[in-house]
Amino acid sequence: MQAIQARCDGEPFYLAQGDEIEIFAQCHRQGLPVMLKGPTGCGKTRFVEHMAWRLGRPMVSVACHDDLTASDLLGRFLIRGDETVWQDGPVTQAVRRGAILYLDEVVEARPDTTVVIHPLSDHRRVLSLDKTGEVIDAAPGFQLVISYNPSYQHALKDLKPSTRQRFVALEFDFPDSGREIEIVAVEGGVERACAVALVTLAGRIRPLRDRGLAEAPSTRVLVAAARLIAAGIPERKACEVAIAGPLTDDPTLIAAVRDLIAGHF
Ligand code: ADP
Numbered sequence: 000m001q002a003i004q005a006r007c008d009g010e011p012f013y014l015a016q017g018d019e020i021e022i023f024a025q026c027h028r029q030g031l032p033v034m035l036k037g038p039t040g041c042g043k044t045r046f047v048e049h050m051a052w053r054l055g056r057p058m059v060s061v062a063c064h065d066d067l068t069a070s071d072l073l074g075r076f077l078i079r080g081d082e083t084v085w086q087d088g089p090v091t092q093a094v095r096r097g098a099i100l101y102l103d104e105v106v107e108a109r110p111d112t113t114v115v116i117h118p119l120s121d122h123r124r125v126l127s128l129d130k131t132g133e134v135i136d137a138a139p140g141f142q143l144v145i146s147y148n149p150s151y152q153h154a155l156k157d158l159k160p161s162t163r164q165r166f167v168a169l170e171f172d173f174p175d176s177g178r179e180i181e182i183v184a185v186e187g188g189v190e191r192a193c194a195v196a197l198v199t200l201a202g203r204i205r206p207l208r209d210r211g212l213a214e215a216p217s218t219r220v221l222v223a224a225a226r227l228i229a230a231g232i233p234e235r236k237a238c239e240v241a242i243a244g245p246l247t248d249d250p251t252l253i254a255a256v257r258d259l260i261a262g263h264f
């Protein structure tokens with residue numbers, strides 16, 4: 000499990016896709032939890048980092064997976080010398096500090112862990128720690144944010160309707176090409192012409208999903224390729240290692256992606 004607590008000093012760069020900044024800010028004011036839906040690498044985490052900065056709140060981020068237990072989230076007793084001390088988990092820390100709690104890929108978590116977030120997502124905004132008997136009211140500014148990728152999920156892992164209905168849903172997708180060019184240029188540190196070539200290349204690779212490519216290349220992989228290019232790696236090589244390699248192991252698809260790369264660089 001990763002739990003990163005950060006209060007960003009500088010503004011995390013985020014290029015809005017629509018009115019998501021205003022809607023999120025309004026949800027924060029009203030204490031409403033938010034779910035972010037969208038493919039991996041399309042800017043969901045960056046959006047939450049940006050909003051935490053805008054709203055002046057700390058952010059606690061947890062990458063969910065199927066081994067994550069309620070104790071990992073809430074906390075546990077630890078033995079220190081001859082003492083037993085309670086150590087808050089990331090959810091408890093976020094509730095006490097009035098942080099923005101970001102549970103990334105929440106459908107990966109076990110059902111018993113999603114029960115933990117239930118009372119935090121309704122108007123009560125309380126957290127009960129069975130192990131210590133404590134009932135904690137969420138500090139002002141606390142906000143629950145979850146994300147998931149609808150195309151990964153299967154029925155069993157789907158969120159319960161009763162959980163879903165507590166959230167405001169914001170849909171994310173890859174940015175349009177104009178925005179994606181700007182993101183790749185800024186984040187990757189490359190000239191605009193290079194960002195245009197990378198985004199055009201992605202536009203040609205993304206339709207290969209119909210020919211068996213499991214995932215479309217995300218904005219994240221384009222930024223990674225751009226960073227390698229900016230650091231002096233030859234363009235084709237950078238695209239092969241940052242875009243083609245991570246996407247697939249299928250030799251036919253790799254060859255098709257390589258041909259597209261050669262056509263653009
Ligand atoms: P997700 O959480 O959806 O998997 P991330 O937020 O980690 O994706 O986005 C991956 C990377 O893509 C970010 O680190 C950032 O460089 C870039 N990125 C994607 N969308 C945006 C955006 N709208 N504004 C700024 N950067 C973005």
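If you read the sequence shown in numbering that gives the first Met the number 0, its first letter stands for residue 0, the second for the next number, and so on. Ideal Cβ placement from N, Cα and C applies to all residues, glycine included.
Do residue i and the ligand NAP come close, with the Cβ less than 6 Å from some heavy atom?
| i | result |
| --- | --- |
| Leu169 | Absence of the ligand NAP from the depicted structure is noted, with the ligand ADP being the only ligands included. |
Cutting at 8 Å between CB atoms, please list the residues of its own chain near residue i, excluding the five before and the five after it.
| i | result |
| --- | --- |
| Arg95 | Asp87, Ile135 and Ala138 |
| Phe76 | Thr83, Val84, Trp85, Gln86 and Lys130 |
| Asp65 | Glu107, Ala108 and Arg109 |
| Arg191 | Ile180 and Ala184 |
| His122 | Gly30 |
| Pro174 | Leu14, Gln16, Cys41, Gly42, Ile182 and Thr218 |
Counting C-beta neighbours from all protein chains within 10 Å, is the total for residue i 16 or more, i.e. buried, or is it exposed?
| i | result |
| --- | --- |
| Glu82 | exposed |
| His117 | exposed |
| Val198 | buried |
| Gly187 | buried |
| Gln29 | exposed |
| Glu133 | exposed |
| Leu155 | Reliability of the predicted coordinates at Leu155 is poor, the pLDDT of 49 falling under 50, and the value obtained from them is presented with this limitation in mind. Burial call: exposed. |
| Ile99 | buried |
| Ile3 | For Ile3, the predicted model reports a pLDDT of 47, less than 50, meaning its position is unreliable and no value from the coordinates is stated. |
| Thr162 | buried |
| Glu239 | buried |
| Pro160 | exposed |
| Glu19 | buried |
| Ala254 | exposed |
| Val59 | buried |
| Val189 | buried |
Which same chain residues, not among the five before or five after residue i, have their C-beta less than 7 Å away from its C-beta?
| i | result |
| --- | --- |
| His31 | Per the sequence shown, the amino acid found at residue 31 is Leu instead of His. Only Val167 meet the Cβ criterion. |
| Ser150 | Pro38 |
| Ala241 | Val220, Ala223, Ala224 and Leu227 |
| Leu73 | Gly88, Val90, Thr91, Val115 and Leu128 |
| Leu212 | Leu246, Thr247 and Leu252 |
| Ala243 | Ile253, Val256, Arg257 and Ile260 |
So, at 6 Å on beta carbons, what are the nonlocal neighbours of residue i in its own chain, with the 5 sequence-adjacent residues on each side left out?
| i | result |
| --- | --- |
| Ser146 | Leu35, Lys43 and Asp103 |
| Gly140 | Arg56 and Gly97 |
| Val47 | Tyr101 and Val144 |
| Glu49 | Residue identity differs from the one stated: residue 49 is His in this sequence, not Glu. Hits under 6 Å: Pro11 and Tyr13. |
| Asn148 | Pro38 and Thr39 |
| Val195 | Ile180 |
| Ile232 | none |
Give me whichever residues DSSP pairs with residue i in a beta bridge.
| i | result |
| --- | --- |
| Leu128 | Glu133 |
| Thr271 | Because the chain is modelled from 0 through 264, residue 271 falls outside the range shown and cannot be assessed. |
| Leu100 | Val59 and Leu143 |
Within the region 140-197, ranges of the alpha helix (DSSP H) (whole runs, at least 4 residues): Listed in chain order, the complete alpha helix (DSSP H) runs (minimum 4 residues) inside the region 140-197 are 160-163 and 176-187.
Segment contact flag, the region 29-37 with the region 164-174, C-beta cutoff 8 Å, min 3 pairs: Touching, yes.
Contact between the region 102-120 and the region 56-70 (3+ Cβ pairs under 8 Å): Yes, the region 102-120 touches the region 56-70.
Three CB pairs or more closer than 8 Å across the region 218-226 and the region 176-193: Counting Cβ pairs under 8 Å, three or more are found: they touch.
Inter-stretch contact at 8 Å, needing at least 3 Cβ pairs: the region 191-210 / the region 254-263: At 8 Å Cβ cutoff, the stretches touch.
Residue ranges of each beta strand (DSSP E) within the region 186-263, 3 or longer: Correct list: empty.
Ranges of the alpha helix (DSSP H) found wholly within the region 27-67, counting only runs of at least 4: For the region 27-67, whole alpha helix (DSSP H) runs of length 4 or above, ordered along the chain, are 43-54.
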